[in-house]
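In my numbering, the protein residues as written are 1 to 199.
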């Protein structure tokens with residue numbers, strides 16, 4: 001999943017949300033230079049990525065999509081699942097979606113971890129209100145076209161919204177089936193691996 005999904009699976013812990021997103025900016029297995037918060041966030045981030053990448057029902061969807069979205073079908077699913085999470089937010093979270101996102105945006109956290117580029121991305125996310133725009137097709141189009149331009153090889157990620165609309169029933173069925181299992185999985189993961197307070 002993309003940004004919103006990673007925040008959703010951070011158990012409403014605001015510091016952990018930032019540490020989770022930071023997982024995209026960390027390479028290698030040795031995390032000893034980082035605080036426990038960051039280590040927890042990076043491990044959670046990688047667990048989320050691995051879980052969705054290896055989930056049988058998602059793999060089945062990827063096989064269906066590959067002819068239409070070669071090489072980037074996995075990236076497309078990550079973004080489209082964020083769109084579907086935003087659209088169906090009330091089904092999966094008790095806090096209003098806008099309030100949840102604003103709580104993340106407005107949370108003050110020391111910028112004493114992470115690369116400068118990480119905070120550049122966070123600032124752009126807030127300034128552009130990326131997370132609030134996920135629930136519209138226009139926002140989905142912008143997310144896909146923007147990322148398409150940043151990928152280092154020729155790709156058709158900008159076509160993902162069209163492919164999604166043409167296969168909307170399949171996407172929604174797969175998303176809800178995935179979420180049914182993922183919510184249980186990460187509730188268990190958090191309870192066993194994350195020992196942080198609410199912030």
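Each residue gets a CB set at the ideal place from its N, CA and C atoms; glycine is no exception. Keep in mind it's a predicted model, so treat the numbers as computed, not measured.
Check                                                                                                                                                                                                 : Outcome
Work out the CA separation of residue 66 and residue 11 for me, nearest whole Å.                                                                                                                      : 32 Å
Roughly how far, in whole angstroms, is the beta-carbon of residue 4 from the beta-carbon of residue 107, given that I think they are within contact range, below 8 Å?                                : Contact doesn't hold; Cβ gap of about 15 Å is too wide.
Whether or not the region 140 to 150 and the region 50 to 69 are in contact is what I'm after, with contact meaning three or more pairs of Cβ atoms, one per stretch, closer than 8 Å; do they touch? : no
By DSSP, does residue 130 sit in helix, in strand, or in coil?                                                                                                                                        : coil
Which ranges does the alpha helix (DSSP H) cover as unbroken runs of at least 4 residues, wholly within the region 91 to 166, from first to last along the chain?                                     : 97 to 106, 116 to 128, 137 to 150, 160 to 166
In angstroms with no decimal places, state the Cα-to-Cα distance between residue 97 and residue 90.                                                                                                   : 7 Å
For a quick check, are the C-beta atoms of residue 6 and residue 21 less than 7 Å apart?                                                                                                              : yes
Given a cut-off of 7 Å, decide if residue 82 and residue 2 are closer than it, judged by their beta-carbon atoms.                                                                                     : yes
With a cut-off of 8 Å on the beta carbons, I'd call residue 25 and residue 118 a contact; round off their distance for me.                                                                            : 5 Å
Can you tell me whether residue 34 is helix, strand or coil according to DSSP?                                                                                                                        : coil
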